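K.L.:
In full-length UniProt numbering, the protein residues as written are 1 to 456.
Just so you know, even glycine gets a beta-carbon here, dropped at the ideal spot from N, CA and C.
Here the structure is a predicted model, which means the values were calculated and not measured.
Can you keep this structure in mind? I'll have questions shortly.
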């Protein structure tokens, strides 16, 4: 079946069924391979489909529609769409592979109580490209395939309230791209992916915007920008993020490990200047009031040295440590850190504020949690004072109930009125020969902040 500025199959009426076992090729703007106007339609596409240049493969306008795609689907070009349902209670089932490029959309499901089930692999690339777009109340999205998103694309764009999203395949997010973009309220998101890897420049793994959403992540999340890429130096100071949460009363639970890898580019030492520059990247960013993040799997920060192919220009800027933060919380929200958190690798410029809370936010390290620095190959902070691991300002609070053992830096920097640091657990500050700077301070309070040690 092929279509050029025409419609291959055009049906008007309810309860229509189309079984397409052959090849579908749609090559021109406004062309449609299969179009049905009516309720309770069913389309089965078993063959290979190629949609380009603004065409649409399958379009169903009506309620209670079902589109089953089991073959390979390739969609390319702005305004091109592989499968589109406009109507309520629409279902799209994908069992074959889906490749989306050039600003195209793989699947569009527009209407209330829509469902998209994907079991195949999805590859999405190029500006404006979206693998799966769903817009309507009470949407359901289920994915068990592997997803690769790159070059300013979006894997899943979901706008819904009271929806349910379940993602179980692996996901890799490249340059300027977003793996999952969820907008709406009262949604439930379960990410059971074996791995969510954010490897691109200015990339985001999961973006949640709205209120009262619940996000449960059982897999691991890795943020590690590709230092070998041609544009790695250009975007060295532009952060990539594992998980973004914007709004109020959202609940995020991570049972897996959140890992952030940070590179430092080092040059020759000069008096009263930093030895180089460190990149910016983040694991979890939470902005808004009433949000809760439970980090049950702990955190991992890994340092690298001179990982860029040519980092000489970056290093020559001598910006020092970057305040690379595994967790950033802004607003009257809470982060509960449990499990085992480790810091390892090379930090030739040191670091500060690995966890940052502000604007009445709370960080609590749980009673059974551990936070340790191990296998540190280098740690220096020439040109600056001895830094602190965590940072609080603007009425925020840091509470340690666990066991902390760190080297060559303090535990908490607390600044501003009504900002508090409390230790009721155990904190051990060790000094080793990797950094000759003065001994650090456990809890440092300035500008009206307060610090209390009720532990050891």
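(1) Which residues in the same chain as residue 420 place their Cβ atom closer than 6 Å to its Cβ, once the five residues preceding and following it in sequence are excluded?
(2) Do residue 325 and residue 347 have their CB atoms nearer than 8 Å?
(3) How is residue 314 classed by DSSP in three states: helix, strand or coil?
(4) Excluding the 5 residues flanking residue 71 on each side, which residues of the same chain have their C-beta closer than 7 Å to its C-beta?
(5) Which residues in the same chain have their Cβ closer than 7 Å to the Cβ of residue 4, if we skip the five residues on either side of it in sequence?
(6) Exposed or buried, residue 6, counting other C-beta atoms within 10 Å across all chains shown (16 or more means buried)?
(7) State the Cα-Cα distance for the pair residue 18 and residue 25, rounded to the nearest angstrom.
(8) How far does the beta strand (DSSP E) with residue 183 in it reach, from first residue to last?
(9) Less than 8 Å between C-beta atoms, sequence neighbours within five positions excluded: which residues of the same chain meet that for residue 264?
(10) Looking at C-alpha atoms only, which residue of 87, 342 and 385 is the closest neighbour of residue 301?
(11) Name the residue from 119, 58 and 353 whose alpha carbon lies nearest to the alpha carbon of residue 443.
(12) Beta strand (DSSP E) containing residue 299: first to last residue?
(13) Helix, strand or coil for residue 218? Go by DSSP, reduced to three states.
(14) If the criterion is Cβ atoms closer than 8 Å, does the pair residue 120 and residue 145 meet it?
(15) So residue 364 is in the beta strand (DSSP E); what residue range does that whole segment cover?
(16) Less than 7 Å between C-beta atoms, sequence neighbours within five positions excluded: which residues of the same chain meet that for residue 53?
(17) Identify the continuous beta strand (DSSP E) that holds residue 45 and give its terminal residues.
(18) Quick one: is residue 231 buried, meaning 16 or more other Cβ sit within 10 Å of its Cβ, or exposed?
(19) Residues in its own chain within less than 6 Å of residue 357 by CB, not counting five upstream and five downstream?
(20) Please report the Cβ distance between residue 243 and residue 205, rounded to the nearest whole angstrom; I am assuming they are in contact, meaning their Cβ atoms lie under 8 Å.
(21) Excluding the 5 residues flanking residue 16 on each side, which residues of the same chain have their C-beta closer than 7 Å to its C-beta?
(22) Enumerate in chain order the residues of its own chain whose CB-to-CB distance from residue 66 is below 7 Å, with the five nearest sequence positions on each side excluded.
(23) State buried or exposed for residue 207, treating a residue as buried only when at least 16 other CB atoms are found within 10 Å of its CB.
(24) Would you list, in sequence order, the uninterrupted beta strand (DSSP E) runs of no fewer than 3 residues that lie entirely inside the stretch 76-106?
(25) If you reduce the DSSP assignment to three classes, tell me which class residue 1 lands in.
(26) Within the same chain, show all residues whose beta-carbon is closer than 6 Å to that of residue 460, passing over the 5 residues directly before and after it, in chain order.
(27) Using CA coordinates, which residue listed in 115, 23, 403 and 110 is at the minimum distance from residue 84?
(28) Which whole-angstrom value describes the C-beta separation of residue 344 and residue 376, a residue pair presumed to lie in contact below a C-beta threshold of 8 Å?
(29) Whose C-beta lies closer than 6 Å to the C-beta of residue 20 among residues of the same chain, with five residues either side of it excluded?
(30) Could I get the ranges of all uninterrupted beta strand (DSSP E) runs contained in the stretch 137-210, with 3 residues as the minimum, in chain order?
(31) Leaving aside the five residues before and after residue 99 along the sequence, list all residues of the same chain whose C-beta is less than 6 Å from its C-beta, in chain order.
(32) Go ahead and label residue 291 buried or exposed: buried means 16 or more other beta carbons lie within 10 angstroms of its beta carbon, across all protein chains shown.
(33) Please go through the stretch 325-402 and give each complete beta strand (DSSP E) segment of 3 or more residues, from N-terminal end onward.
(34) According to DSSP, is residue 265 part of a helix, a strand, or is it coil?
(35) Quick one: what's got a C-beta closer than 8 Å to residue 332's C-beta in the same chain, skipping five residues either side?
P.N.:
The answer reads as follows:
(1) Short of 6 Å from the beta carbon of residue 420, and not among the five residues preceding or following it, lie these beta carbons of its own chain, in chain order: 397 and 450.
(2) No, they are not a contact pair.
(3) helix
(4) 45, 46, 47, 48, 49 and 96
(5) Any reading at residue 4 is ruled out, since the residue's pLDDT is 48, under 50, leaving its predicted position unreliable.
(6) exposed
(7) 16 Å
(8) Unbroken beta strand (DSSP E) run through residue 183: 178-183.
(9) 276, 277, 278, 279, 303, 304, 305, 306, 321, 346, 347, 348 and 349
(10) 342
(11) For residue 443, the closest C-alpha among the options 119, 58 and 353 is that of 353.
(12) 299-305
(13) coil
(14) yes
(15) Residues 362-365.
(16) These residues qualify, in order along the chain: 27, 28, 29, 77 and 80.
(17) 42-45
(18) exposed
(19) 329, 363, 392 and 396
(20) 6 Å
(21) Cβ within range, chain order: 36, 38 and 41.
(22) 42 and 91
(23) Burial state of residue 207 is buried, judged by a 10 Å Cβ sphere holding 16 or more other Cβ atoms.
(24) 81-86, 91-94 and 98-101
(25) Here residue 1 scores only 49 on pLDDT, less than 50, and its place in the model should not be relied on; the value that follows carries that caveat. Residue state, collapsed to three classes: coil.
(26) A question about residue 460 goes unanswered here, because the residues of the chain that appear run from 1 up to 456.
(27) The option with the nearest alpha carbon to residue 84 is 110.
(28) 6 Å
(29) For residue 20, where only same-chain residues beyond five positions count, the Cβ hits under 6 Å are 45.
(30) 140-143, 147-150, 154-159, 164-167, 171-173, 178-183, 188-191, 195-198 and 204-209
(31) 74 and 123
(32) buried
(33) Taking only runs of at least 3 residues, the beta strand (DSSP E) segments lying wholly in the stretch 325-402 are 325-330, 334-337, 340-347, 355-358, 362-365, 370-379, 388-393 and 397-400.
(34) strand
(35) 289, 290, 359, 360 and 361
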